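Counting from 2, one number per residue, gives the positions in the sequence shown under the numbering used here.
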Amino acid sequence: MYPGRYLEEHAGSILFQVFLMLVLGSYLLATGTRPEVIVWIVVIWVVISGVYLGGGYYSKKRRYEKVMDIFDHLQEKYLFTEIIPKPQSTMERLYFDCSRGANKAMLDSIESLSLSGREYKEYIESWIHEVKNPIAAIDLYCKNHPSEDSREIHKRLKELENLVNQALYYARSGYVEKDYFVQECSISDPVVMALQENRSLILEKHIGLEVEDLEELIYTDPKWVGFILNQVLSNAIKYVETDTGLIRIFVEKEEKGIWLCVEDNGCGIPAADLPRVCEKGFTGSDRRRGQATGMGLYLAKRLCEKLGLTLKVWSEMGKGTQIKIGFPVGTLTRP
Numbered sequence: 002m003y004p005g006r007y008l009e010e011h012a013g014s015i016l017f018q019v020f021l022m023l024v025l026g027s028y029l030l031a032t033g034t035r036p037e038v039i040v041w042i043v044v045i046w047v048v049i050s051g052v053y054l055g056g057g058y059y060s061k062k063r064r065y066e067k068v069m070d071i072f073d074h075l076q077e078k079y080l081f082t083e084i085i086p087k088p089q090s091t092m093e094r095l096y097f098d099c100s101r102g103a104n105k106a107m108l109d110s111i112e113s114l115s116l117s118g119r120e121y122k123e124y125i126e127s128w129i130h131e132v133k134n135p136i137a138a139i140d141l142y143c144k145n146h147p148s149e150d151s152r153e154i155h156k157r158l159k160e161l162e163n164l165v166n167q168a169l170y171y172a173r174s175g176y177v178e179k180d181y182f183v184q185e186c187s188i189s190d191p192v193v194m195a196l197q198e199n200r201s202l203i204l205e206k207h208i209g210l211e212v213e214d215l216e217e218l219i220y221t222d223p224k225w226v227g228f229i230l231n232q233v234l235s236n237a238i239k240y241v242e243t244d245t246g247l248i249r250i251f252v253e254k255e256e257k258g259i260w261l262c263v264e265d266n267g268c269g270i271p272a273a274d275l276p277r278v279c280e281k282g283f284t285g286s287d288r289r290r291g292q293a294t295g296m297g298l299y300l301a302k303r304l305c306e307k308l309g310l311t312l313k314v315w316s317e318m319g320k321g322t323q324i325k326i327g328f329p330v331g332t333l334t335r336p
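Dropping the structure here:
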């Protein structure tokens, strides 16, 4: 609280007291009171008023600093009205009651929206699990009745299945901790999982595949990492050319962690688009927009952040793209 602001708040009272001093001084002077007596009266009046205003200022300043300190150190700001000091004036009580009422209305609104969101997510998850049954049935039919048409249907079915999985993991991405099981596994486990998901598309486009030694151990949830890799591989498969496409999967070791790298020789990403490729819904300017949803890398990035992993994207037009997923090294040592 600044002195100037405090004086501004009490400007009316100060001006009124100056007016009273002038009136009293004029009256005493008119009744024959000696000027030095009038000066002493004014001086004493000014000193008393100054002490009163100074004491009020320091009292308000301490209270102001205390309230601001409470607010600054409070993580849940909306609980501020529950712990601030008791109001000392009628105006403070009015502001306090209004703030508490506004906070309660806001929390009720947030709770209502949160409940609605939870119910919608639960419905989406239930719907996704239900829709997987007819997808599995169509997939089985295509495998049992091989033909040119069934192969085309199976291809589109894999695209549909990937979109359904995107919706499922997007719905779950807000509370990963409820479906996250950390375990020791080889880094090859989620890679194999993702390759199996994309096996038919890789074979159909005759894409070359180079998988180097992936025997490093990591501590994570292989199911979630497998989904992240599936999104990365889907992008790589989509943007490499048929027959000449090549995808390399390898590991880079560093002192602070391990990087799982997926590299392709596809069309690449324009430099202007590169900083935004992990934004929600961003499909880029040149990367065959009709085939893109803008959700794959966004979900991969978001889930990596939730799981404590790092995702980096490097690309150059005409040369290809490299996406790296970083697994940090922990400090836990087995006894």
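No residue lacks a Cβ here, since even glycine has one placed at the ideal position from N, Cα and C.
Computed from a predicted structure; not experimentally measured.
How about residue i and residue j: are their beta carbons less than 8 Å apart?
i: G297; j: S201; result: no
i: W260; j: I219; result: no
i: L158; j: I136; result: yes
i: G321; j: E242; result: no
i: V165; j: K133; result: yes
i: L304; j: S174; result: yes
i: C262; j: F251; result: yes
i: M107; j: Y79; result: yes
i: A347; j: L247; result: Beyond the ends of the chain as shown, which are 2 and 336, falls residue 347; an answer cannot be given.
i: I203; j: I238; result: yes
i: Q232; j: L312; result: no
i: K281; j: G258; result: no
i: R64; j: P86; result: yes
Can you find a heavy atom of the ligand ZN that lies under 7 Å from the Cβ of residue i?
i: G285; result: Within the structure as shown, the ligand ZN is missing, as the structure has no ligands at all.
Quick check: what's the CA-CA separation for residue i versus residue j?
i: Y171; j: V226; result: 14 Å
i: L95; j: V68; result: 17 Å
i: G5; j: T82; result: 27 Å
i: V24; j: F97; result: 40 Å
i: M318; j: L275; result: 10 Å
i: I188; j: D70; result: 48 Å
i: G51; j: G102; result: 38 Å
i: Q197; j: I208; result: 14 Å
i: I270; j: H146; result: 39 Å
i: E9; j: Y121; result: 53 Å
i: K206; j: V330; result: 37 Å
i: F328; j: V314; result: 15 Å
i: E123; j: E211; result: 40 Å
i: Y53; j: S14; result: 12 Å
i: D73; j: E66; result: 10 Å
i: L169; j: Y181; result: 14 Å
i: K224; j: Q89; result: 58 Å
i: R119; j: E213; result: 42 Å
i: K144; j: V193; result: 21 Å
i: L116; j: E77; result: 20 Å
i: P36; j: Y7; result: 33 Å
i: T34; j: V19; result: 19 Å
i: E93; j: G56; result: 19 Å
i: N104; j: L114; result: 15 Å
i: L75; j: P191; result: 41 Å
i: R152; j: D244; result: 18 Å
Between the options, which lies nearest to residue i when the distance is taken from Cα to Cα?
i: K254; options: G102, E216 and L80; result: E216
i: L162; options: D190, Q184, S110 and F228; result: Residue 162 is actually Glu in this sequence, not Leu. The shortest Cα separation from E162 among D190, Q184, S110 and F228 belongs to F228.
i: R249; options: S127, A301 and N266; result: N266
i: K61; options: W41, T34, H11 and V47; result: H11
i: D17; options: V47, V38 and G33; result: Residue identity differs from the one stated: residue 17 is Phe in this sequence, not Asp. That would be V47, whose Cα lies nearest to the Cα of F17.
i: I42; options: G56, G57 and G26; result: G26
i: Y59; options: Y3, A138, S151 and C186; result: Y3
i: K302; options: Q323, S316 and C279; result: C279
i: D140; options: M92, E160 and A31; result: E160
i: H130; options: T221, K87 and Q167; result: Q167
i: M22; options: Y7, S148 and V44; result: V44
i: R277; options: E256, I84 and S316; result: S316
i: K156; options: K105, Q323, D190 and N199; result: N199
Kindly indicate if chain B contains any beta-carbon less than 8 Å away from that of residue i.
i: L275; result: The structure shown contains no chain B, having only a single protein chain.
Ordered list of alpha helix (DSSP H) runs contained in the segment 192-263, each at least 4 residues
200-205 and 223-240
Residue ranges of each alpha helix (DSSP H) run of no fewer than 4 residues wholly in the segment 130-194, ordered along the chain?
Within the segment 130-194, the complete alpha helix (DSSP H) runs of at least 4 residues are 149-173.
Contiguous beta strand (DSSP E) assignments of at least 3 residues, all confined to the segment 48-96
none
To test your reading of the DSSP string, which unbroken alpha helix (DSSP H) runs of 4 or more residues are found completely within the segment 292-320?
297-307
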